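Written below as structure tokens is the structure these notes are about.
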Ligand SMILES: NC(=O)c1ccc[n+]([C@@H]2O[C@H](COP(=O)([O-])OP(=O)(O)OC[C@H]3O[C@@H](n4cnc5c(N)ncnc54)[C@H](O)[C@@H]3O)[C@@H](O)[C@H]2O)c1
Ligand SMILES: [Zn+2]
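Written as structure tokens, this is what we have:
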């Protein structure tokens, strides 16, 4: 996702850009610097020696060359970049245009010290003329931020807040029937109209985690009422207990008692446990009705609520009874994460790190840049991390909805992680902690099999440690029995998802037991 800062000369685009990037954990690109690298000379010389037309051509090429990425990049554009409608279309395709504005007097003051090729000489009148001529182009922005009487820091804060609160993001996921994923600080208020927009006009049965604050439930109910729906609230046990057969039966019967019909819908408000239960109840009740996921945990947002996998647990194992059933919409309100326990947040961050290792180096770097902010629950850093993960996971599940190919890669860290959770009876480790250890194990295994060097593991460990996730543990022998047992379930083969480099993993089967043992020794060191 790109954020393009546009606006007249002197408005402060290149000063604000790095500050904004820092707030969002984003990378920063100065379009003029990219042009200079291409032209192998300073922008002023391109203008003087090759003319403005050549400069504009280079500018267009530099915009087009920006690689598509889920991770965030802030781009400071030159004053003229947004003038070309083709450039604006290219920017919109890749992200958001944020127009910075200011009075002429402000611009003049800020320009006074910089070297501006287009303003050389009779600076004053030339600037007024440029601003007037480009008025329409500058106005064509997704967000417009006035900068007068504001420091660059204040402008950067204002832009970050506007992106997270006013604007938010929309991602569309799925194959034939794509569904919207809405992410915004305050998205809960939009719940009613989003449900209506995707065609949910009947009754809504709202499944909610009993442990979730009353406040969130009240806000969700109010939003649904506002759009004319009168939701039936069904509370379920907090956490994993929601995914029991008894709990599912309770939900089915509550739906029947409330006379929920085929045209009605289920809405799951809670962590991954509640959205898994809500989705499975919706998949099975009345042979399948529609549902909306409103994840309230970080893990729910970056993982569980995207991709249509729904399930309950059986005494014989987790997620053993389930179905693929895509939601009609997913609504994510970053504000809900404010009440999350730090341990739950860290647990979700393990899946964020996983997403980076599996799919995109730039995302790993983004998480690395904002690791401290993420660990501390900073809203803006969480927002960009969730938005990037939704895009990555959305892309993967859209390409492979039934998990027969590329989607398997999302199990990175999970073969070992699941076994460790089961071997310690789901008591010792939060899911993300087990996944963190599983990722370290998989990297150690990749190292032993010569698929990657040790730097990869060290980088991964460094990031996990900064977030506050474990990287070392005792490996109980029961882990190997569980890996063996799961092997039988998967046609006699254990699939390991092993990293080759950050941003790329491979599926490897038939790993010799000796390699497993020596990877485990690294974990126990
Ligand atoms: N379907 C999928 O693709 C998929 C993917 C990953 C995980 N999952 C499933 O997700 C489940 C785990 O989900 P989870 O980690 O979200 O845990 P969870 O749903 O069990 O919730 C964890 C705890 O957080 C509390 N909580 C939830 N939201 C809160 C909030 N906003 N503020 C304060 N407390 C809050 C809950 O009451 C609970 O005690 C597992 O059952 C797992 O199998 C499913
Ligand atoms: Zn997981």
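Numbering (my numbering), first residue to last: 625 to 1149.
In this text, a Cβ means the ideal position worked out from N, Cα and C, and glycines have one as well.
Source: prediction; values computed, not measured.
Buried or exposed by the 16-neighbour rule on C-beta atoms within 10 Å, applied to residue i
i            : result
residue 1098 : exposed
residue 727  : exposed
residue 1120 : buried
residue 1017 : buried
residue 994  : buried
residue 1087 : buried
residue 927  : buried
residue 831  : buried
residue 1103 : buried
residue 681  : exposed
residue 633  : buried
residue 1067 : buried
Three-state secondary structure (DSSP) of residue i
i            : result
residue 628  : strand
residue 762  : helix
residue 947  : strand
residue 1100 : coil
residue 808  : strand
residue 1143 : helix
residue 817  : helix
residue 920  : coil
residue 839  : helix
residue 829  : strand
residue 1136 : coil
residue 908  : helix
Cβ-heavy atom distance, residue i to ligand 2, below 7 Å
i            : result
residue 927  : yes
residue 1027 : no
residue 968  : no
residue 975  : yes
residue 991  : no
residue 1059 : yes
residue 1055 : yes
residue 840  : no
residue 1038 : yes
Endpoints, the beta strand (DSSP E) within which residue i is located
i            : result
residue 925  : Taken as a continuous stretch (DSSP letters only), residue 925 belongs to no beta strand (DSSP E), as it is neither H nor E.
residue 1094 : Here residue 1094 belongs to no beta strand (DSSP E), and DSSP marks it neither H nor E.
residue 796  : 793–797
residue 1130 : 1128–1132
residue 933  : 933–938
Where the alpha helix (DSSP H) containing residue i begins and where it ends
i            : result
residue 996  : 995–999
residue 1022 : 1003–1023
residue 954  : Residue 954 -> not in any alpha helix (DSSP H); beta strand (DSSP E) instead, spanning 953–957.
residue 656  : 655–663
residue 730  : 728–735
Check: residue i C-beta below 7 Å from any heavy atom of ligand 1
i           : result
residue 795 : no
residue 984 : no
residue 638 : no
residue 862 : yes
residue 895 : yes
Below-8 Å beta-carbon distance, residue i vs any chain B residue
i           : result
residue 726 : The structure shown contains no chain B, having only a single protein chain.
Open item on the list: Within 8 Å, do at least three Cβ pairs link the region 945–963 to the region 917–931?
Closed with: At 8 Å Cβ cutoff, the stretches touch.
Open item on the list: With three or more beta-carbon pairs closer than 8 Å as the criterion, would you say the region 919–929 touches the region 887–907?
Closed with: Yes, the region 919–929 is in contact with the region 887–907.
Task: Three CB pairs or more closer than 8 Å across the region 956–973 and the region 1065–1079 - done: With a cut-off of 8 Å on Cβ pairs, the region 956–973 is not in contact with the region 1065–1079, counting fewer than three such pairs.
Open item on the list: Tell me whether the region 638–655 and the region 685–701 touch, counting them as touching only if at least three CB pairs, one residue from each stretch, are closer than 8 Å.
Closed with: Under the Cβ criterion (8 Å, minimum of three pairs), the region 638–655 counts as touching the region 685–701.
- [ ] For the region 812–819 and the region 837–845, state whether three or more C-beta atom pairs, one from each stretch, are separated by less than 8 Å.
- [x] When C-beta atoms of the region 812–819 are compared with those of the region 837–845, three or more pairs fall below 8 Å, so the two segments count as touching.
Open item on the list: When you compare the region 1045–1057 with the region 1017–1034, are there three or more beta-carbon pairs, one atom per stretch, that lie closer than 8 Å?
Closed with: In this structure the region 1045–1057 does not touch the region 1017–1034; the number of beta carbon pairs closer than 8 Å is below three.
TODO: Kindly confirm or deny that the region 776–787 and the region 872–887 touch, where touching means at least three C-beta pairs closer than 8 Å.
DONE: Contact fails: fewer than three Cβ-Cβ distances are below 8 Å.
TODO: Inspect the CB distances between the region 1031–1042 and the region 816–831 and report whether three or more fall short of 8 Å.
DONE: Not touching, per the Cβ criterion.
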